[in-house]
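Participant: In the order they appear, the protein sequences are chains A and B. When we follow our numbering, the leftmost residue of the first sequence carries the number 6, and every step to the right adds one. When we follow our numbering, the leftmost residue of the second sequence carries the number 6, and every step to the right adds one.
There are 2 protein chains.
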Amino acid sequence: MTLVIRPAADVDRAAILAIVAPVLAAGETYAIDRDLDAAGIAGFWFMPRHEVFVAEIGGRIVGTYYLQPNQGGGGAHVANCGYITAPEARGRGVARAMCLHSLDRARRRGFRAMQFNHVVSTNRGAVALWQKLGFSIVGTLPEAFHHPLHGYVDAYVMFRAL
Amino acid sequence: MTLVIRPAADVDRAAILAIVAPVLAAGETYAIDRDLDAAGIAGFWFMPRHEVFVAEIGGRIVGTYYLQPNQGGGGAHVANCGYITAPEARGRGVARAMCLHSLDRARRRGFRAMQFNHVVSTNRGAVALWQKLGFSIVGTLPEAFHHPLHGYVDAYVMFRAL
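Here you go:
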């Protein structure tokens, strides 16, 4: 079945939050409060400056990402994204497709580069995927993430031109 | 005259914003929208998670800084600060004193490290001062800042343990 990526609509909110909430609560990949309630999670994922997309397979939402400017003012030409794939859809190229879609979308919006500020080093699948898609580790933040299983681990700043 | 650093009080707001506003409008050092109005500037500098301090010489406010967690969740043990010195007080050690104060305050609050996410490379005085105070450049963001005079220039990620 075909993977489709499209802008999120209001009716998608519950399906999106069902994918996002367990990932934030697990707290292994996002440096976001782990105890946000439903309103807090929605407030984060759907904050006004986030442009939100969904990935669908056979009409079922299996992933979501947001795109935003990473900074304001003189930093507003660099984009930033966050991606989450539903556990049951892992290994099907959803994250890769979302990232490629986001790179294209960011180019169309006029961004000149994309930056991930805080990629947890133990999230090896993600690090390897972003590298395959043209991102470089441009910085290492020593022990900047406290992982619930692994303790203090490094986080990476990853960057690519568009 | 003695330099005193203390928590900001409500009555300090106008003096603080008089120092902050021109720096944000100039847009040479902070990656923040340059056209924020007074409410937007106050909303940024006094956002709820910012703990704000002032530097005073002879009862006159000559500098201000904020301290906050740089991330939430697993990243909440790393602090972040922003510092601004009034132009007429430059060269008197105000930035240095504020940074040392912030390092001490961050330690007392239990932070384990401090990170600056986006130090504009042309802001050489600041880069050199942070290095003297124990920060390292742990990442270089290529052309991540569009400087009003110099065009696209690098920005640095700077980090130190506490």
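For every residue, glycine included, the Cβ atom is placed at its ideal position computed from N, Cα and C. On a predicted model such as this, the values are computed, not experimentally measured, just so you know.
Where does the unbroken beta strand (DSSP E) through residue 152 of chain B begin, and where does it stop?
Facilitator: Taken as a continuous stretch (DSSP letters only), the beta strand (DSSP E) holding residue 152 of chain B covers 141 to 152.
Participant: Which stretch, first to last residue, makes up the alpha helix (DSSP H) that contains residue 23 of chain A?
Facilitator: Counting along the chain, the alpha helix (DSSP H) containing residue 23 of chain A begins and ends at 18 to 31.
Participant: Which residues, in chain order, does the region 38 to 72 of chain B contribute to contact with chain A at a C-beta distance below 7 Å?
Facilitator: The residues in question are 38, 39.
Participant: Between residue 79 of chain B and chain A, is there a C-beta pair that is closer than 8 Å?
Facilitator: Yes - at least one Cβ of chain A is within 8 Å of the one on residue 79 of chain B.
Participant: If you draw a straight line from the alpha carbon of residue 10 of chain B to that of residue 22 of chain A, how long is it in whole angstroms?
Facilitator: Whole-angstrom Cα-Cα distance: 44 Å.
Participant: What is the residue span of the beta strand (DSSP E) that residue 138 of chain A lies within?
Facilitator: That residue, residue 138 of chain A, is in no beta strand (DSSP E); it is neither H nor E in DSSP.
Participant: Which residues, in order along the region 137 to 156 of chain A, keep a beta-carbon less than 9 Å from a beta-carbon of chain B?
Facilitator: Listed by position, the residues of the region 137 to 156 of chain A near chain B (Cβ gap below 9 Å) are 142, 143, 144, 145, 146, 147, 148, 149, 150, 151, 152, 153.
Participant: Name the chain B residues whose beta carbon is nearer than 9 Å to that of residue 121 of chain A?
Facilitator: Neighbours of residue 121 of chain A on chain B: none; closest Cβ ~11 Å, over 9 Å.
Participant: Report all residues from its chain with a CB closer than 8 Å to the CB of residue 116 of chain B; omit the five preceding and five following residues, and keep chain order.
Facilitator: Same-chain partners within the cutoff: 74, 82, 83, 84, 167.
Participant: In the DSSP assignment, what residue or residues form a beta bridge with residue 41 of chain A?
Facilitator: BP columns for residue 41 of chain A are empty, so no partner.
Participant: If contact is defined by three or more beta carbon pairs under 8 Å, each pair taking one atom from either stretch, is the region 35 to 49 of chain A in contact with the region 100 to 112 of chain A?
Facilitator: Contact fails: fewer than three Cβ-Cβ distances are below 8 Å.
Participant: Are the C-beta atoms of residue 82 of chain B and some chain A residue less than 8 Å apart?
Facilitator: Residue 82 of chain B counts as touching chain A.
Participant: Looking at C-alpha atoms only, which residue of A:64, A:26, A:80, A:62 is the closest neighbour of residue 120 of chain A?
Facilitator: Residue A:80 is the option with its Cα nearest to residue 120 of chain A.
Participant: Taking contact to mean at least 3 C-beta pairs separated by less than 8 Å, is the region 132 to 144 of chain B in contact with the region 53 to 65 of chain A?
Facilitator: Verdict: no, contact absent.
Participant: So, helix, strand or coil for residue 103 of chain B, using DSSP?
Facilitator: DSSP places residue 103 of chain B in helix when its eight states are reduced to three.
Participant: If you follow the beta strand (DSSP E) that residue 123 of chain B is part of, which residue opens it and which one closes it?
Facilitator: Here the beta strand (DSSP E) through residue 123 of chain B covers 118 to 125.
Participant: By the 10 Å Cβ neighbour count, where 16 or more other Cβ atoms means buried, how is residue 118 of chain A classified, buried or exposed?
Facilitator: The residue is buried, with at least 16 neighbouring Cβ atoms inside 10 Å.
Participant: Per DSSP, what kind of secondary structure is residue 51 of chain A in: helix, strand or coil?
Facilitator: Three-state result, residue 51 of chain A: coil.
Participant: Which stretch, first to last residue, makes up the beta strand (DSSP E) that contains residue 73 of chain B?
Facilitator: That run of the beta strand (DSSP E) goes 65 to 74.
Participant: Below 8 Å between beta carbons: does that hold for residue 39 of chain B and residue 30 of chain B?
Facilitator: A contact, by the Cβ cut-off of 8 Å.
Participant: If you follow the beta strand (DSSP E) that residue 34 of chain B is part of, which residue opens it and which one closes it?
Facilitator: Looking at the DSSP string, residue 34 of chain B is not in any beta strand (DSSP E), and its letter there is neither H nor E.
Participant: Hey, is residue 88 of chain A's beta-carbon within less than 8 Å of any beta-carbon in chain B?
Facilitator: No, residue 88 of chain A lies away from the interface with chain B (no Cβ there is under 8 Å from its Cβ).
Participant: Might you give, ordered along the chain, the residues of its own chain that have their beta carbon closer than 8 Å to the beta carbon of residue 122 of chain B, omitting 5 neighbours on each side?
Facilitator: Taken in chain order, the residues that qualify are 75, 85, 162.
Participant: By the 10 Å Cβ neighbour count, where 16 or more other Cβ atoms means buried, how is residue 156 of chain B classified, buried or exposed?
Facilitator: Answer is exposed; the Cβ neighbour count stays below 16.
Participant: Does any CB atom of chain B fall closer than 8 Å to the CB of residue 124 of chain A?
Facilitator: So, not an interface residue.
Participant: Is the Cβ-Cβ distance between residue 87 of chain A and residue 70 of chain A less than 8 Å?
Facilitator: The answer is yes: Cβ separation under 8 Å.
Participant: Could you list which residues in chain A have their beta carbon closer than 8 Å to that of residue 164 of chain B, in chain order?
Facilitator: Ordered by position in chain A, the residues that pass the 8 Å Cβ test against residue 164 of chain B are 146, 147, 149.
Participant: If you draw a straight line from the alpha carbon of residue 108 of chain B to that of residue 14 of chain A, how long is it in whole angstroms?
Facilitator: Straight-line Cα distance between these residues: approximately 45 Å.
Participant: Buried or exposed, going by whether 16 or more other CB atoms sit within 10 Å of the CB of residue 16 of chain A?
Facilitator: Exposed is the call here.
Participant: Go to residue 156 of chain B, then tell me how far its beta strand (DSSP E) extends in each direction, as first and last residue.
Facilitator: It spans 156 to 166 - the beta strand (DSSP E) in which residue 156 of chain B sits, taken as one unbroken run.
Participant: Measuring only between beta-carbons, confirm whether residue 111 of chain A sits less than 8 Å from chain B.
Facilitator: Not one chain B Cβ lies under 8 Å of residue 111 of chain A.
Participant: Just curious, the beta strand (DSSP E) that residue 84 of chain B is in, first and last residue?
Facilitator: Note, residue 84 of chain B: beta strand (DSSP E), 83 to 90.
Participant: If I measure Cβ to Cβ from residue 91 of chain A and keep anything under 7 Å in the same chain, skipping five residues before and after, which residues do I get?
Facilitator: Answer for residue 91 of chain A: 24, 67, 68, listed in chain order.
Participant: Per the DSSP calculation, residue 61 of chain B is bridged to which residue(s)?
Facilitator: DSSP output for residue 61 of chain B lists B:9, B:66 as bridge partner(s).
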